[in-house]
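Enquirer: Handing you a structure now.
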Amino acid sequence: MKLELNIQPLESWIQAKSEPLLIAGPCSAETEEQLVATAHLLAQTGRVTALRAGIWKPRTRPGEFEGIGSIGLEWLKRAKEETGLPTAVEVANAKHVEEALKAGVDILWVGARSTVNPFTVQEIADALKGVDVPVMVKNPVNPDLSLWIGALERINGAGITKLVAIHRGFSSHEKSAFRNEPMWDLAINLKTHAPNLPIICDPSHICGNRELLGYVAQKALDLDMQGLMIESHIDPSVAWTDAKQQVTPAALVEIIDRLTLRKPELQGAVKDALAELRSQIDKLDDVVFQKMAERMKIVEKIGNYKKENDITILQVNRWDEILNKRIAYAKALNLSPEFAEKLLELIHSESIRKQTEIMNKGQQGQPQEKLTHA
Ligand code: PEP
Ligand code: MN
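The sequence shown runs 41 to 414 under this note's numbering.
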């Protein structure tokens with residue numbers, strides 16, 4: 041499914057000060073001095089293209105600092121006047137949109153907690169009708185690509201063509217090094233659905249700490265994302281929100297300096313060498329699929345046999361045997377055991393699905409089953 045989005049290329053409305061395109065600024069505007077001083081330091085780096093700051097903050101628990109509110113718009117105006125940096129704020133309802141536009145904010149973004157709610161996104165979209173402002177849409181908190189796409193469609197449907205997606209990672213109950221799991225696949229999927237939609241990465245909210253920012257930023261660039269949004273505070277140790285993940289403007293420059301910019305376009309000998317290796321991969325992939333098809337034919341025969349002889353589909357001992365033997369074989373071939381196990385589980389669940397279909401053919405009320413490990 042290709043997304044029908046009417047979008048202007050990023051370069052047509054924002055010129056990066058330097059590569060990669062970088063939007064930076066504090067998680068929250070706290071005081072006029074903090075915001076303006078941070079903006080000056082960021083502007084002096086020559087690396088930052090736009091200044092971000094949250095003034096309406098969605099907080100998990102009541103009683104936490106919920107943003108400085110509308111007064112922050114005046115501070116953003118001053119920061120822009122003094123530094124020349126365009127400004128960006130998060131909007132979560134129609135009132136925010138109206139106030140931000142009135143105050144001349146240059147870029148609006150929809151936060152992860154808003155993207156999850158179609159009512160909220162539609163309210164924002166309705167408030168944007170007839171306005172030509174760039175809007176960035178963060179991924180929803182939960183790993184649901186449709187919600188992200190839906191939000192982009194609603195904003196685009198309101199006539200916003202300067203549209204960008206921000207990948208900021210996804211909430212997960214699993215313990216991990218990240219505050220929000222990157223789940224890069226979802227961002228890659230979005231790119232596949234909407235090749236003309238610019239995607240930038242927000243390593244700050246993915247990492248939740250300073251240490252991993254460089255790693256995540258590099259990975260985002262290697263996946264051909266078109267820019268970065270990184271939180272930067274004049275003194276992160278005393279930040280009122282997200283203190284652990286913010287960096288000083290000087291530390292931000294260090295991170296950016298260490299990034300390697302790679303080109304998506306290939307030329308000359310590199311292109312030929314890569315094309316040759318890719319054609320080898322293509323041939324091998326074909327063989328893998330042929331073999332899978334052969335395997336499934338045998339699985340079908342087994343299914344028919346089990347049906348005729350009233351034998352259960354799953355025999356745990358047999359499955360254990362397959363797992364152990366194949367994982368040992370995979371290890372000997374220098375494949376990682378985790379990869380081998382995942383692959384086997386995928387093949388096995390498809391085999392079970394197929395045999396279930398055969399066993400119950402003709403029985404009423406049989407739902408279409410999906411692969412369990414997909
Ligand atoms: C933010 O950018 O400060 C923010 C609240 O981000 P998110 O919506 O990604 O949690
Ligand atoms: Mn933040």
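Ideal Cβ positions, reconstructed from N, Cα and C, are used throughout, including at glycine.
Considering only DSSP beta bridges, list what Ala64 is partnered with.
Expert: Looking at the DSSP assignment, Ala64 forms a beta bridge with Leu91 and Ile270.
Enquirer: Give a yes or no on whether the minimum CB-CB distance between Lys259 and chain B is below 8 Å.
Expert: The structure shown contains no chain B, having only a single protein chain.
Enquirer: Taking only three categories from DSSP, how would you classify Val131?
Expert: Of the three classes helix, strand and coil, the one that applies to Val131 here is coil, per DSSP.
Enquirer: Around the Cβ of Leu317, are there at least 16 other Cβ atoms within 10 angstroms (buried) or fewer (exposed)?
Expert: Label assigned to Leu317: exposed.
Enquirer: Here's the rule: buried if 16 or more other CB atoms are within 10 angstroms of the residue's CB, otherwise exposed. What is Gln286?
Expert: Buried.
Enquirer: Say the cut is 7 Å; is the CB of Asp282 nearer than that to a heavy atom of the ligand MN?
Expert: The answer is yes for Asp282.
Enquirer: So what does DSSP say about His413, is it helix, strand or coil?
Expert: A caution first: His413 carries a pLDDT of 45, below 50, which makes its placement in the model too unreliable to give a value.
Enquirer: Helix, strand or coil, according to DSSP, for Ala313 in the structure here?
Expert: The answer is helix: DSSP assigns Ala313 an H, G or I state.
Enquirer: Per the DSSP calculation, Trp149 is bridged to which residue(s)?
Expert: Looking at the DSSP assignment, Trp149 forms a beta bridge with Glu130 and Met176.
Enquirer: Taking 6 Å as the limit between beta carbons, can you name the residues of its chain near Ser391, skipping five residues before and five after?
Expert: Correct list, in chain order: Val339.
Enquirer: What's the call for Phe159, buried or exposed, on a 16-neighbour Cβ count within 10 Å?
Expert: When all chains shown are included, Phe159 counts as exposed.
Enquirer: What's the C-alpha gap between Met176 and Lys311?
Expert: The straight-line gap from Cα to Cα measures roughly 34 Å.
Enquirer: Please classify Glu221: does DSSP put it in a helix, a strand, or coil?
Expert: Glu221 falls in the strand class under three-state DSSP.
Enquirer: Can you give the Cα-Cα distance for Gln320 and Val328, rounded to whole angstroms?
Expert: If I take the Cα positions, the gap works out to 12 Å.
Enquirer: Quick one: residues with CB closer than 5 Å to any heavy atom of the ligand PEP, in chain order, please.
Expert: Listed along the chain, these residues meet the criterion: Cys67, Gly94, Gly151, Ala152, Lys178, Arg208 and His245.
Enquirer: Tell me, please, whether the segment 161-177 touches the segment 102-117 by the rule of three or more beta-carbon pairs shorter than 8 Å.
Expert: No: the two stretches stay apart, fewer than three of their Cβ pairs being nearer than 8 Å.
Enquirer: Excluding sequence positions up to five away, which residues of its chain have a Cβ less than 7 Å from the Cβ of His413?
Expert: Low confidence applies to His413: its pLDDT is 45, below 50, so where it sits in the model is not reliable, and the reading given next is rough at best. The residues are Glu385, Leu386 and Ser389.
Enquirer: Going along the chain, which residues of its own chain have a beta-carbon closer than 8 Å to the beta-carbon of Gln82, five neighbours each way excluded?
Expert: In the sequence on display, residue 82 carries Leu and not Gln. Once the five neighbours on either side are set aside, the close Cβ partners of Leu82 are Ala64, Gly65, Val88, Leu91, Thr123, Leu125, Ser272, Pro289 and Leu292.
Enquirer: Whose C-beta lies closer than 7 Å to the C-beta of Thr155 among residues of the same chain, with five residues either side of it excluded?
Expert: Within the same chain, Thr155 has close Cβ partners Val161, Val177, Lys178, Asn179, Pro180, Leu187, Trp188 and Ala191.
Enquirer: Using C-beta distances below 8 Å, list every residue in its chain close to Met265, excluding the 5 sequence neighbours before and after it, in chain order.
Expert: For Met265, where only same-chain residues beyond five positions count, the Cβ hits under 8 Å are His207, Ala227, Ile239, Ile240 and Cys241.
Enquirer: Using the DSSP secondary-structure output, state which residues sit across from Cys241 in a beta bridge.
Expert: In DSSP, Cys241 forms a bridge with His207 and Leu268.
Enquirer: Taking the alpha carbon of His233 as the point to measure from, which residue in Ala93, Met223 and Glu193 has its own alpha carbon closest?
Expert: Minimum Cα distance to His233 is reached at Glu193.
Enquirer: Please find out if some non-hydrogen atom of the ligand PLP comes closer than 7 Å to the beta-carbon of Glu70.
Expert: This structure simply doesn't include the ligand PLP; it includes the ligand PEP and the ligand MN instead.
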